[in-house]
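Going line by line, the protein sequences match chains V and E. All residue numbers for the first sequence refer to full-length UniProt numbering, where the first residue is 1 and numbers rise by one. All residue numbers for the second sequence refer to full-length UniProt numbering, where the first residue is 1 and numbers rise by one. Idealized CB from N, CA, C, for every residue including glycine. Below: the structure, in structure tokens.
There are 2 protein chains.
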Amino acid sequence: MLDKVKIEELIKEQGDIVRQLKAAKESKEKVAEEVAKLLDLKAQLSNEEQATNGPQKFTLKTPKGTRDYSPQQMVIRQKVLDKVVSVFKRHGAESIDTPIFELKEVLTGKYGEDSKLIYDLKDQGGEILSLRYDLTVPFARYLAMNKITNIKRYHIAKVYRRDNPSITRGRYREFYQCDFDIAGAYDPMIPDAECVKVIQEILDSLDMGSYTIKLNHRLLLDGMFEACGVPSSKFRSICSAVDKLDKSPWEEVKKEMIDEKGLSEEVADRIGTYVRLNGKSELVEQLLKDEKLSKNKSAVEGLEAMKLVLKYCDFYETSSNILFDLSLARGLDYYTGIIYEAVLLGDTTNGEDVSVGSIAGGGRYDNLVGMFDPKKKQVPCVGVSIGIERIFSVMEAKLATIKEKVRTTEIEVYVASAQKNLFEERMKLCNELWKNGFKVEHSYKRNPKLLAQLQHCEDQGIPLALILGESEIQKGVVKMRDVISRVETEVERSKVIEELQKRVAQFNNVP
Amino acid sequence: MLDKVKIEELIKEQGDIVRQLKAAKESKEKVAEEVAKLLDLKAQLSNEEQATNGPQKFTLKTPKGTRDYSPQQMVIRQKVLDKVVSVFKRHGAESIDTPIFELKEVLTGKYGEDSKLIYDLKDQGGEILSLRYDLTVPFARYLAMNKITNIKRYHIAKVYRRDNPSITRGRYREFYQCDFDIAGAYDPMIPDAECVKVIQEILDSLDMGSYTIKLNHRLLLDGMFEACGVPSSKFRSICSAVDKLDKSPWEEVKKEMIDEKGLSEEVADRIGTYVRLNGKSELVEQLLKDEKLSKNKSAVEGLEAMKLVLKYCDFYETSSNILFDLSLARGLDYYTGIIYEAVLLGDTTNGEDVSVGSIAGGGRYDNLVGMFDPKKKQVPCVGVSIGIERIFSVMEAKLATIKEKVRTTEIEVYVASAQKNLFEERMKLCNELWKNGFKVEHSYKRNPKLLAQLQHCEDQGIPLALILGESEIQKGVVKMRDVISRVETEVERSKVIEELQKRVAQFNNVP
Numbered sequence: 001m002l003d004k005v006k007i008e009e010l011i012k013e014q015g016d017i018v019r020q021l022k023a024a025k026e027s028k029e030k031v032a033e034e035v036a037k038l039l040d041l042k043a044q045l046s047n048e049e050q051a052t053n054g055p056q057k058f059t060l061k062t063p064k065g066t067r068d069y070s071p072q073q074m075v076i077r078q079k080v081l082d083k084v085v086s087v088f089k090r091h092g093a094e095s096i097d098t099p100i101f102e103l104k105e106v107l108t109g110k111y112g113e114d115s116k117l118i119y120d121l122k123d124q125g126g127e128i129l130s131l132r133y134d135l136t137v138p139f140a141r142y143l144a145m146n147k148i149t150n151i152k153r154y155h156i157a158k159v160y161r162r163d164n165p166s167i168t169r170g171r172y173r174e175f176y177q178c179d180f181d182i183a184g185a186y187d188p189m190i191p192d193a194e195c196v197k198v199i200q201e202i203l204d205s206l207d208m209g210s211y212t213i214k215l216n217h218r219l220l221l222d223g224m225f226e227a228c229g230v231p232s233s234k235f236r237s238i239c240s241a242v243d244k245l246d247k248s249p250w251e252e253v254k255k256e257m258i259d260e261k262g263l264s265e266e267v268a269d270r271i272g273t274y275v276r277l278n279g280k281s282e283l284v285e286q287l288l289k290d291e292k293l294s295k296n297k298s299a300v301e302g303l304e305a306m307k308l309v310l311k312y313c314d315f316y317e318t319s320s321n322i323l324f325d326l327s328l329a330r331g332l333d334y335y336t337g338i339i340y341e342a343v344l345l346g347d348t349t350n351g352e353d354v355s356v357g358s359i360a361g362g363g364r365y366d367n368l369v370g371m372f373d374p375k376k377k378q379v380p381c382v383g384v385s386i387g388i389e390r391i392f393s394v395m396e397a398k399l400a401t402i403k404e405k406v407r408t409t410e411i412e413v414y415v416a417s418a419q420k421n422l423f424e425e426r427m428k429l430c431n432e433l434w435k436n437g438f439k440v441e442h443s444y445k446r447n448p449k450l451l452a453q454l455q456h457c458e459d460q461g462i463p464l465a466l467i468l469g470e471s472e473i474q475k476g477v478v479k480m481r482d483v484i485s486r487v488e489t490e491v492e493r494s495k496v497i498e499e500l501q502k503r504v505a506q507f508n509n510v511p
Numbered sequence: 001m002l003d004k005v006k007i008e009e010l011i012k013e014q015g016d017i018v019r020q021l022k023a024a025k026e027s028k029e030k031v032a033e034e035v036a037k038l039l040d041l042k043a044q045l046s047n048e049e050q051a052t053n054g055p056q057k058f059t060l061k062t063p064k065g066t067r068d069y070s071p072q073q074m075v076i077r078q079k080v081l082d083k084v085v086s087v088f089k090r091h092g093a094e095s096i097d098t099p100i101f102e103l104k105e106v107l108t109g110k111y112g113e114d115s116k117l118i119y120d121l122k123d124q125g126g127e128i129l130s131l132r133y134d135l136t137v138p139f140a141r142y143l144a145m146n147k148i149t150n151i152k153r154y155h156i157a158k159v160y161r162r163d164n165p166s167i168t169r170g171r172y173r174e175f176y177q178c179d180f181d182i183a184g185a186y187d188p189m190i191p192d193a194e195c196v197k198v199i200q201e202i203l204d205s206l207d208m209g210s211y212t213i214k215l216n217h218r219l220l221l222d223g224m225f226e227a228c229g230v231p232s233s234k235f236r237s238i239c240s241a242v243d244k245l246d247k248s249p250w251e252e253v254k255k256e257m258i259d260e261k262g263l264s265e266e267v268a269d270r271i272g273t274y275v276r277l278n279g280k281s282e283l284v285e286q287l288l289k290d291e292k293l294s295k296n297k298s299a300v301e302g303l304e305a306m307k308l309v310l311k312y313c314d315f316y317e318t319s320s321n322i323l324f325d326l327s328l329a330r331g332l333d334y335y336t337g338i339i340y341e342a343v344l345l346g347d348t349t350n351g352e353d354v355s356v357g358s359i360a361g362g363g364r365y366d367n368l369v370g371m372f373d374p375k376k377k378q379v380p381c382v383g384v385s386i387g388i389e390r391i392f393s394v395m396e397a398k399l400a401t402i403k404e405k406v407r408t409t410e411i412e413v414y415v416a417s418a419q420k421n422l423f424e425e426r427m428k429l430c431n432e433l434w435k436n437g438f439k440v441e442h443s444y445k446r447n448p449k450l451l452a453q454l455q456h457c458e459d460q461g462i463p464l465a466l467i468l469g470e471s472e473i474q475k476g477v478v479k480m481r482d483v484i485s486r487v488e489t490e491v492e493r494s495k496v497i498e499e500l501q502k503r504v505a506q507f508n509n510v511p
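This is the structure:
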């Protein structure tokens with residue numbers, strides 16, 4: 001750790017940077033990024049001070065790469081999750097939950113290079129634990145531990161990666177994953193096609209605009225690499241080079257293959273002719289006749305699988321959203337069959353589809369469960385993970401654009417009092433309404449001002465107010481106010497429940 | 001860490017213990033406890049082996065004190081949470097979420113002795129982090145950080161305590177908390193009475209049987225201690241001695257006060273006369289006239305507050321569930337006003353109420369937010385935490401008793417085929433049904449046996465099956481089977497959706 005004086009210097013410098021950016025009216029994202037650095041430095045300073053001086057004031061923040069969800073954000077999050085879950089349930093998925101941490105050895109050797117991003121817990125005596133990195137490995141552990149050979153399950157929960165996230169681009173160290181997986185030994189490509197269908201239903205139900213689901217097959221990739229002359233020891237590393245094609249141009253990827261991964265230019269060029277291909281079933285047919293691929297067992301197997309899944313996608317009417325794309329590689333090592341990834345297409349008004357990034361992905365992983373089974377018994381699995389954090393961000397941005405106010409409570413009726421000393425009546429009326437299942441609140445002050453109470457209703461979007469007044473109490477009535485129209489009507493005290501039931505039903509029927 | 005040979009010895013010994021218990025047909029709980037110890041030892045051995053030999057087979061388990069939730073358990077958990085949330089929403093609560101970990105310094109100095117139970121993350125460079133211990137401290141941090149001075153929020157999330165939990169008694173190291181809090185400067189006891197009301201509504205809606213909500217006040221406790229002659233430095237430690245009265249007899253607690261906490265017998269006896277008192281508002285009146293208490297400012301203040309809250313509880317009709325109980329102390333240091341705790345009453349057939357333990361609790365904490373604010377600005381808070389894990393356990397036990405089978409999916413219609421080669425028709429029909437919003441599944445085998453398909457429907461409690469057959473396809477009809485009655489009717493292919501809508505609505509209307 002840096003010493004205090006050094007950190008104080010850095011804080012001063014960083015403060016200047018932030019001030020300059022603000023003065024120059026730079027973009028919000030840019031300012032936010034530099035402010036985040038500043039807050040980190042302040043936290044470091046506070047840690048340092050605490051270490052030397054004992055407990056003290058500290059910077060009030062959430063840990064790096066994490067955030068709180070405000071009530072507004074929670075409402076959006078819940079709406080998105082409800083829609084996603086309803087699709088999972090429509091396809092018969094059960095749900096499970098696993099602990100937030102696992103024995104470290106459960107995670108060891110599953111994520112390749114990314115293992116360095118795993119959060120470890122401090123050794124406080126006892127077991128050595130790590131926070132989960134995804135939901136797939138705990139799912140495989142769960143299946144092996146409980147000897148489950150078939151299940152269709154969804155799991156929505158937070159996972160943890162010590163990445164250097166760009167928060168302004170919606171990436172975090174603590175984030176939700178939202179997984180749907182089908183485990184079991186079944187006939188080829190049937191569960192696989194359903195996973196693609198699930199992606200389609202979710203993106204459509206969330207109204208995410210136009211998108212493409214790219215498909216490819218690991219066996220085809222391997223076969224293609226082999227046919228192009230890549231030694232098998234380099235399949236995975238060439239695979240991750242190909243994976244970069246969604247962000248980098250071919251020339252750059254080719255350079256990496258030659259300079260860093262040690263391929264000859266000739267071999268790289270051969271790969272290049274393939275990975276730039278994409279299409280539908282006619283491309284499968286074309287490649288099945290390709291001189292090199294047609295002689296490669298793995299490639300043919302992959303192509304036959306693609307042919308089958310494309311047929312099933314026809315039956316499931318997902319074909320129009322699908323693209324067989326030889327450049328799709330997916331980062332994770334554990335995939336063994338079909339892989340897919342959905343990308344949102346940006347604004348198409350200028351005639352060009354601009355990809356705004358991956359929003360769902362997955363594939364088949366037939367060997368992961370066996371890594372946990374003492375007898376190496378395999379349970380074939382295929383699944384999909386929805387990029388729910390990106391979807392939250394898109395939704396938040398949408399709502400910000402249309403400036404729609406999101407209600408964060410569901411209160412239907414506000415009980416107000418027009419004069420002082422009606423506190424007891426207010427409480428009794430609230431109690432009666434709660435008993436009848438209405439969502440109700442009233443002021444926590446004994447004698448609040450009527451205007452303040454009505455203002456609260458308007459601010460919070462509460463549709464109805466019941467106003468207690470002395471003259472009304474004497475007449476045996478209550479004033480019922482429609483908050484939007486401000487129309488007030490008198491209702492007999494004994495008929496309040498009945499009348500409210502009618503009114504609330506009306507409000508709930510308005511979409 | 002012990003060395004390998006030593007651990008192997010211990011495993012052998014522990015294995016013998018387990019075998020003996022099983023042979024002696026000891027209770028499940030006892031056996032489970034010893035088996036847990038055995039599994040821990042095996043995990044230690046595996047860690048040890050891995051350290052010396054590199055990756056190897058290891059014991060497949062979740063970390064100590066944690067568990068997976070099976071689909072059955074998830075269904076129960078979701079039902080309970082839905083009911084709890086609906087009460088929170090009825091009272092106008094918004095929801096928030098915070099990260100699973102906090103800067104360690106956020107938690108420091110908030111939990112007294114229990115701080116040793118906090119899970120720390122390993123220092124991997126950067127900030128020093130700990131898993132959250134409860135939801136109250138992160139809530140206070142959230143308020144101070146966002147300068148929020150009033151909010152009514154609920155938060156349902158997991159918290160972490162490195163306790164030595166008795167899993168057989170439903171206690172875990174990872175467990176859910178379910179909190180409802182009202183923050184803001186309001187008139188006395190109004191939000192407090194609503195928290196008590198919320199407990200009542202939740203326990204009633206969950207049908208938890210009879211229960212008592214005990215109430216007390218920290219100011220009354222302090223005043224009583226002072227009046228009895230306890231030095232103020234010992235208030236909190238005597239408070240935690242009193243807190244044990246729900247589990248230990250007075251004589252034991254008295255002994256602790258004298259031997260461990262250094263009170264004289266006379267002072268302890270004076271406390272004893274008070275803490276054995278409980279009652280309703282008549283007890284408040286009696287104590288207001290008590291020679292010692294009536295002269296103590298703090299005690300009188302506490303009693304006046306009790307008087308007010310009991311009146312409000314009358315208005316909210318919670319009085320019949322309430323007991324003003326001077327032995328209620330609550331463990332946490334941060335309470336500053338009213339405190340409460342709901343206990344379930346066990347079987348009362350033998351004329352005696354047996355407490356089966358605390359199921360909800362909370363109180364007022366006016367100084368916690370100020371601990372995070374740079375200017376020590378206070379935000380008064382009062383809240384309640386529902387002991388949701390205990391409720392899950394009670395519910396699971398109930399369902400086990402009545403042997404009700406819990407459905408873990410919501411599938412409404414199963415699409416089956418009577419002969420081979422109807423795979424395409426099956427997929428197309430499923431697709432049509434999904435499009436129309438039905439919850440549908442079919443076999444992932446191309447040519448499954450009809451009996452196996454129908455058996456699946458019965459096992460899973462799927463109410464309806466559509467059976468595709470060649471002769472029906474030629475006739476332009478589909479067979480619709482009511483799975484429970486096994487009655488089959490033919491429906492025109494073009495009217496399947498319409499007919500299903502009717503049938504499914506019927507099933508969904510049955511409670």
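Quiz item: Under 8 Å, do Val242 (chain V) and Ser327 (chain V) count as touching if we go by C-beta distance?
Solution: The Cβ atoms of Val242 (chain V) and Ser327 (chain V) sit closer than 8 Å to each other.
Exercise. Jot down the residue ranges of each uninterrupted alpha helix (DSSP H) in the region 411-490 of chain V, minimum 4 residues, whole runs only, in chain order.
Key: Those alpha helix (DSSP H) runs which fall completely within the region 411-490 of chain V and span 4+ residues are 423-435, 450-460 and 470-475.
Quiz item: At least one CB of chain V closer than 8 Å to the CB of Phe101 (chain E): is that the case?
Solution: Cβ-Cβ to chain V under 8 Å: yes for Phe101 (chain E).
Quiz item: Would DSSP call Glu9 (chain V) helix, strand or coil?
Solution: Three-state result, Glu9 (chain V): helix.
Quiz item: How should Ala397 (chain V) be labelled, buried or exposed, when 16 other C-beta atoms within 10 angstroms of its C-beta is the threshold for buried?
Solution: It is exposed - the Cβ of Ala397 (chain V) has fewer than 16 other Cβ atoms within 10 Å.
Quiz prompt | Contiguous alpha helix (DSSP H) assignments of at least 4 residues, all confined to the region 168-227 of chain V | solution = List check, alpha helix (DSSP H) in window: 190-205.
Exercise. Could you work out which residue in E:Leu45, E:Asp16 and E:Ile386 is closest to Val31 (chain E) when comparing CA atoms only?
Key: Closest option to Val31 (chain E), Cα to Cα, is E:Asp16.
Quiz item: So Asp187 (chain V) and Arg446 (chain E) are in contact, right, with Cβ under 8 Å, and what is the actual spacing, rounded?
Solution: Taking C-beta atoms under 8 Å as the contact rule, Asp187 (chain V) and Arg446 (chain E) qualify, at a distance of about 5 Å.
Quiz item: For Glu404 (chain V), which option in V:Gln460, V:Ser210 and V:Lys439 has the closest C-alpha, if you only look at C-alpha atoms?
Solution: Nearest in C-alpha terms to Glu404 (chain V), of all of V:Gln460, V:Ser210 and V:Lys439, is V:Gln460.
Practice problem: Could you tell me which uninterrupted alpha helix (DSSP H) segments, each at least 4 residues in length, are contained entirely in the region 234-321 of chain V, listed from first to last along the chain? | Solution: Whole alpha helix (DSSP H) segments, 4+ residues: 235-242, 250-255, 265-275, 281-288 and 297-315.
Practice problem: In the DSSP assignment, find the unbroken alpha helix (DSSP H) run with Tyr154 (chain E) in it and report its ends. | Solution: If you look at Tyr154 (chain E), you'll find it isn't in any alpha helix (DSSP H); it sits in the beta strand (DSSP E) that goes Ile151 to Tyr160.
Practice problem: Kindly list the residues whose CB is nearer than 8 Å to the CB of Lys244 (chain V), restricted to its own chain and excluding five residues on each side of it in sequence; keep chain order. | Solution: Glu252, Val253 and Glu256, listed in sequence order.
Quiz item: What is the residue span of the beta strand (DSSP E) that Phe101 (chain V) lies within?
Solution: From DSSP, the beta strand (DSSP E) with Phe101 (chain V) extends over Phe101 to Leu103.
Practice problem: Over the uninterrupted beta strand (DSSP E) stretch that includes Glu341 (chain E), give me the two end residues. | Solution: First-last of the beta strand (DSSP E) with Glu341 (chain E): Ile338 to Leu345.
Quiz item: Alpha carbon to alpha carbon, what distance is there between Ile190 (chain E) and Gln501 (chain V)?
Solution: Whole-angstrom Cα-Cα distance: 27 Å.
Quiz item: Are Tyr211 (chain V) and Leu203 (chain V) close, meaning C-beta to C-beta below 8 Å?
Solution: Tyr211 (chain V) places its beta carbon less than 8 Å from that of Leu203 (chain V).
Quiz item: Taking Cβ positions only, does Tyr316 (chain V) come closer than 8 Å to chain E?
Solution: Taking a beta-carbon distance threshold of 8 Å, Tyr316 (chain V) counts as an interface residue toward chain E.
Exercise. Kindly list, in the order they appear in chain V, the residues whose Cβ is closer than 9 Å to that of Gln419 (chain E).
Key: Those do not exist, as Gln419 (chain E) stays about 16 Å from chain V at its closest Cβ, beyond 9 Å.
Exercise. Kindly give me the distance between the Cβ atoms of Lys83 (chain E) and Leu206 (chain E), rounded to whole angstroms, as I take these residues to be in contact under 8 Å.
Key: Indeed, because the Cβ distance is near 6 Å, the residues count as touching under 8 Å.
Practice problem: Quick one: list the residues of chain V neighbouring Ser393 (chain E), beta-carbon separation under 9 Å, in chain order. | Solution: Near Ser393 (chain E) there are no residues of chain V at all, since even the closest Cβ is about 16 Å away, more than 9 Å.
Quiz item: Hey, would you say Leu468 (chain V) sits closer than 8 Å to Arg503 (chain V), going by beta carbons?
Solution: Not a contact, by the Cβ cut-off of 8 Å.
Quiz item: Among E:Gln177, E:Met224, E:Lys479 and E:Gln73, which one has its Cα closest to the Cα of Ala418 (chain E)?
Solution: When the alpha-carbon of Ala418 (chain E) is set against those of E:Gln177, E:Met224, E:Lys479 and E:Gln73, the nearest one is in E:Lys479.
Quiz item: With a CB to CB cut of under 7 Å and the five nearest residues on each side skipped, what residues in its chain are close to Thr66 (chain V)?
Solution: Cβ within range, chain order: Tyr172, Arg173 and Glu174.
Quiz item: Going along the chain, which residues of its own chain have a beta-carbon closer than 7 Å to the beta-carbon of Leu283 (chain E), five neighbours each way excluded?
Solution: The residues are Leu277 and Phe324.
Quiz item: By a C-beta neighbour count over all protein chains shown, 10 Å radius and 16 as the cutoff for buried, is Val87 (chain E) buried or exposed?
Solution: Per the 10 Å Cβ criterion, buried.
Quiz item: Using a Cβ-Cβ distance under 8 Å, would Gly54 (chain V) count as near chain E?
Solution: The pLDDT assigned to Gly54 (chain V) is 45, lower than 50, so where the model puts this residue is not dependable; a value taken from the coordinates is nonetheless given after this. So no, Gly54 (chain V) is outside the interface.
Quiz prompt | Three-state secondary structure (DSSP) of Phe372 (chain E) | solution = Secondary structure at Phe372 (chain E): coil, using DSSP grouped into helix, strand and coil.
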